[in-house]
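Using our numbering, the letters of the sequence shown correspond one by one to residues 5 to 561. Worksheet: one structure, shown below.
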Amino acid sequence: MLYPDVNLQKRTQQNTTRYRTALYLRLSREDGDKTESDSIANQRTLLEAYAIDHPELCIVDEFVDDGYSGSNFERPAFQNLFRELEQGTINCILVKDLSRFGRNYIEVGRYLERIFPVMRVRLIAVTDNYDSQSAWKTSDSIMVPMRNLLNDAYCRDISVKIKSQLAVKRKRGDFVGSFAAFGYRKDPANHTRLIVDELAAETVQDIFRWKISGMNNQGIADRLNAEKVPSPAARKLQSGAKLSLHFRKSDEPPWSAKAVDRILHNEVYTGKLVQGKTRRLDYRSKKKMNVPMRDWTIVDNTHEAIIPAEQFELVQRILETETRRPNDAETVALFAGFLYCGDCGSRLVRRSASYKGKRYIYYQCSGSKQNKGSCTSHNLRDEKLYNIVRNALQMQIQIVMEEAKFVESIRQAQQEPYRVRCIERQIRQLTAEKAHTQGIKEKLYGDYADEILTREDFLNYNELYSKRIEEYDHKITELEAEQRNLQTAPNAYPFLDVYRKYRKLEEITRPMVVELIEKIEVYEGNRVEITFRFHDEIADLLEELHQKQQTQHEVSA
């Protein structure tokens, strides 16, 4: 803000030394600045009035840091002010008090005692009665360091209190971040609660779906940019957030592979809050350090999930198995991260070669290249490996599904038909008794009207039969629930749902490999061994099958 100097000639005559003065205004809730007297408007009014009473001060500019802590000097407006001081366009700073200038005892002292004297910059703190031009002549030379020390201690105390408050809120499941994760927004009625941002949530779901289909992070980012989908940074800017983005070279910050990766790793999309992952080195610094995972604050079911937990876990497994890809590829290789040499344990690497104009893909042991003589190349054509894995998957799925079907048939056969019939009979009996009681209750009012029943008897019988009807309803509800449980027994083996999903296997897909295969080992001579996931669960299934077959045999004997 520029102020016209209407009394320039008059002031020059009155005082030969004039100062090109800048107002510096700062406010921060983090420092506990809550009083009305600390507001930006009140600071400005106070400083302008002071300048009017001191004609040698010519206000030429104003710098405002609203919402920035005084514990350090990494504030945008202050940095701009300091550049003006270096250029010599300003040689005096006017602040309400020294705490507005800063609360860091060491840094404030460095500016007052070293930097400003060398730069010949005058600093005036109005309510502290401090003027650097005359400080050395007064008791301020002793009092100013004391004030700075108190301001620093105050800032440290506030920092401790804020940390304690945030820790309590995090444990309670309140969201304490500055910005909600992409796909969510803060509830206008309660800023500690997250609600779904429908448009962004659709993008998050697309990202997870594309990842499962086999796309890599850069391919997903390229697709989002091509479809002109707003990135997380763009979404924040659209909402009016003030951001300092070093990569903001255009009006629309683009998607990047890193932004996609952050979304794919963020558990917030499953409905849980994971907070306290970083902390400041100390209250004076903005630098942060990572907190060990064991000290994170994790609270489940704090908001609506965008991604099912099973889908999120599948994507984490996909991310763990991803390996380096060709620069021009938008998808991850089908078996990337799963191929190992069965002889030396090294990873198998994917190679390509051309022969008679045709391109061939093959795999070879990386150990044979790194330590020559330690292992052989184990060259295995991609087409051959694909057929081996497909046949093995088909056989595995068929075996598991047949075993599961047999176990289920035995389980159903062994259910107690007597209990099922008993429940049905009880429900019929209770329903009939309820109807009979309902009929008696409906006749009560007629008997009361005919003066067969007194008013007191009518009320007592009406209450009695109402309670009986409620008891019948309660018993019938319990029996119906038991009946449903017997008819639809819970799935004792959730992994079977994964196998059912792929029971009509025709072609191998990346999600299929990730969900069903643990690793693929290739030995000399192209012998292939496949370790399937859920081997412990399958062993339990086989054990149950064996026990039920034995029981069935004993019963029939």
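Heads up, the beta-carbon is just placed ideally off N, CA and C, and yes, glycines get one too.
TODO: For the region 316-327 and the region 215-222, state whether three or more C-beta atom pairs, one from each stretch, are separated by less than 8 angstroms.
DONE: A contact exists between the region 316-327 and the region 215-222.
Task: Local conformation of Tyr506 per DSSP, three classes - done: Tyr506 falls in the coil class under three-state DSSP.
Open item on the list: Taking the beta carbon of Met293 as the centre, do at least 16 other beta carbons fall within 10 Å, making it buried, or is it exposed?
Closed with: With fewer than 16 Cβ atoms within 10 Å of its Cβ, Met293 is classed as exposed.
Task: Start and end residues, beta strand (DSSP E) containing Gln137 - done: Taken as a continuous stretch (DSSP letters only), Gln137 belongs to no beta strand (DSSP E), as it is neither H nor E.
Open item on the list: Between Pro257, Arg213 and Val172, which has its C-alpha nearest Lys232's C-alpha?
Closed with: Looking at the Cα atoms, Pro257 is the closest of the given residues.
Task: Among Asn383, Arg176, Arg174 and Lys362, nearest to Ser372 - alpha-carbon criterion - done: The residue with the shortest Cα to Cα distance from Ser372 is Asn383.
Task: Secondary structure of Cys426, DSSP reduced to three states - done: Note: Cys426 maps to helix in three-state DSSP.
TODO: Give me the Cα-Cα distance between Thr196 and Ile311, rounded to the nearest whole angstrom.
DONE: Distance from the CA of Thr196 to the CA of Ile311, rounded to the nearest whole angstrom, comes to 21 angstroms.
Task: Inside the region 20-106 only - beta strand (DSSP E) runs reaching at least 3 residues - done: DSSP runs (the beta strand (DSSP E)) wholly in the region 20-106: 23-31, 61-70 and 96-99.
- [ ] Put Ile267 into one of helix, strand or coil per three-state DSSP.
- [x] Helix, per DSSP.
TODO: Please state whether DSSP places Arg537 in a helix, a strand or coil.
DONE: Arg537: coil per DSSP, three-state reduction.
TODO: Measure from the alpha carbon of Val584 to the alpha carbon of each residue in Arg514, Asn229, Ala309 and Glu308, then state which is nearest.
DONE: Since the displayed the chain opens at 5 and closes at 561, residue 584 lies outside it and no answer follows.
TODO: Evaluate Pro296 with the Cβ neighbour count: other Cβ atoms within 10 Å of its Cβ, from every protein chain shown; 16 or more gives buried, anything less gives exposed.
DONE: So Pro296 counts as exposed.
Open item on the list: My output table needs one value for Ser358: the three-state DSSP class, helix, strand or coil.
Closed with: Strand, per DSSP.
- [ ] Counting only the same chain and skipping the five closest in sequence on each side, list residues whose C-beta sits under 6 angstroms from that of Arg4.
- [x] Outside the shown range of the chain, which is 5 to 561, sits residue 4, and nothing can be said about it.
Open item on the list: Please state whether the Cβ-Cβ distance between Tyr476 and Glu437 is less than 8 angstroms.
Closed with: For Tyr476 and Glu437, yes; Cβs fall inside 8 angstroms.
Task: Closest Cα partner of Trp259 within the set Lys362, Ala230 and Gln279 - done: Comparing C-alpha distances from Trp259 to each of Lys362, Ala230 and Gln279 shows the shortest one belongs to Ala230.
Task: Pick from Ala543, Lys291, Ile97 and Leu277 that is closest to Arg22, judged by C-alpha positions - done: With distances taken between Cα atoms, Arg22 lies closest to Ile97.
Open item on the list: Pull the bridge partners of Ile521 from the DSSP assignment, please.
Closed with: In the DSSP assignment, Ile521 is bridged to Phe536.
Open item on the list: Taking 7 angstroms as the limit between beta carbons, can you name the residues of its chain near Ala543, skipping five residues before and five after?
Closed with: Annotation for Ala543: no residue places its beta carbon closer than 7 angstroms to its own, counting only its chain and skipping 5 residues before and after.
- [ ] Give a yes or no on whether the C-beta atoms belonging to Glu519 and Leu318 are separated by under 8 angstroms.
- [x] Yes, these two residues count as a Cβ contact at 8 angstroms.
Open item on the list: Would Lys373 pass as an interface residue toward chain B - the criterion being a Cβ-Cβ separation below 8 angstroms?
Closed with: Among the chains of the structure shown, chain B does not appear; only one protein chain is present.
Task: Cβ neighbour criterion (16 or more within 10 Å) applied to His440 - done: Looking at its Cβ environment, which holds fewer than 16 other Cβ atoms inside 10 Å, His440 is exposed.
Task: According to DSSP, residues forming a beta bridge with Cys379 - done: DSSP lists no beta-bridge partner residue for Cys379.
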